[in-house]
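Enquirer: According to this note's numbering, the sequence shown holds residues 34 to 162 in order.
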Amino acid sequence: MWATTSVGDAVAVSSDQFFRVVDALVDVQRAEGGDYSSFSVRGKRFGYYWPRTQTVGLKQLLSEQQALVAERPDVFEEQFTSGGFGWVVVQLAGIEADELAELVFEAWRLSAPEDLIAQVPDPARQARR
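1) Mapping DSSP to helix, strand and coil, what is residue 119?
2) If distances are taken between C-alpha atoms only, which option among 81, 124, 101, 68 comes closest to residue 62?
3) Residues in its own chain within less than 8 Å of residue 78 by CB, not counting five upstream and five downstream?
4) Tell me the DSSP secondary structure of residue 58 in three-state form.
5) With 16 other CB atoms within 10 Å as the buried threshold, where does residue 86 fall?
6) Taking Cβ positions, are residue 46 and residue 141 nearer each other than 8 Å?
7) In this structure, how does DSSP classify residue 78 when only helix, strand and coil are distinguished?
8) Near residue 59, which residues of its chain fall below 6 Å by C-beta distance, leaving aside the five closest residues on each side in sequence?
9) What did DSSP end up calling residue 33 once you bin it into helix, strand or coil?
10) Let me know the secondary structure DSSP gives residue 158 once reduced to three states.
11) Please state whether DSSP places residue 129 in a helix, a strand or coil.
12) Hey, out of 57, 121, 135, 53, whose CA is closest to residue 96's CA?
This is how it looks when you write it as structure tokens:
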């Protein structure tokens, strides 16, 4: 279902694929900010997209942020931390579509109220069907 493009040994997820994952979520607001787009759910920010660098920034638990950056620093980098959350920058050229879908869903879930979470199936699981 998800098409990925090989770039050397890595795979590449297109911007369109990223937007399809975001669009599958409930009650997402997109705002344009000059050089980037931001994504929120009920007023709580969960992601960013920078077209010039083909990267996304996603809200994660601190432990997940640290694990991602330690495991693959060529794909993930620490953006910032806030409260109990760590934001991670993801290079779209180095990630598989299923993994990106899981990270986007988790970022959304960390910001969404419980009533919305119950309405949305995990897009990564949907992609594997």
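The C-beta atom is built at its ideal place from N, Cα and C for all residues, glycine as well.
Expert: In terms of the structure at hand:
1) Here residue 119 corresponds to residue number 86 of the sequence shown, with the count starting at 1. Three-state DSSP puts residue 119 in a strand.
2) Along the sequence shown, one-based indexing puts residue 62 at 29. Checked all of 81, 124, 101, 68; the closest Cα to residue 62 is 81.
3) Position 45 of the sequence shown holds residue 78. Excluding sequence neighbours, residue 78 sits near 71, 72, 92, 144.
4) The sequence position of residue 58 within the sequence shown is 25, counting from 1. It is coil, neither helix nor strand.
5) On the sequence shown, position 53 is the one that residue 86 refers to. By the neighbour-count rule (16 or more Cβ atoms within 10 Å), residue 86 is not buried but exposed.
6) Residue 46 sits at position 13 when you count from the first residue of the sequence shown. Residue 141 sits at position 108 when you count from the first residue of the sequence shown. Cβ atoms of residue 46 and residue 141: not closer than 8 Å.
7) As a position in the sequence shown, residue 78 is number 45, starting the count at 1. It is a strand residue.
8) Locating residue 59 in the sequence shown gives position 26, counting from the first residue. Result list for residue 59: 149, 152, 153, in chain order.
9) Since the first and last residues shown for the chain are 34 and 162, residue 33 lies out of range.
10) One-based indexing of the sequence shown puts residue 158 at position 125. With a pLDDT of 47 at residue 158, under the threshold of 50, the modelled position of this residue cannot be trusted; read the value that follows with caution. Helix at residue 158.
11) As a first step, residue 129 is located in the sequence shown; it is residue number 96 there, counting from the start. Coil.
12) The residue labelled residue 96 in the question sits at position 63 within the sequence shown. Ranking 57, 121, 135, 53 by Cα distance to residue 96 puts 121 first.
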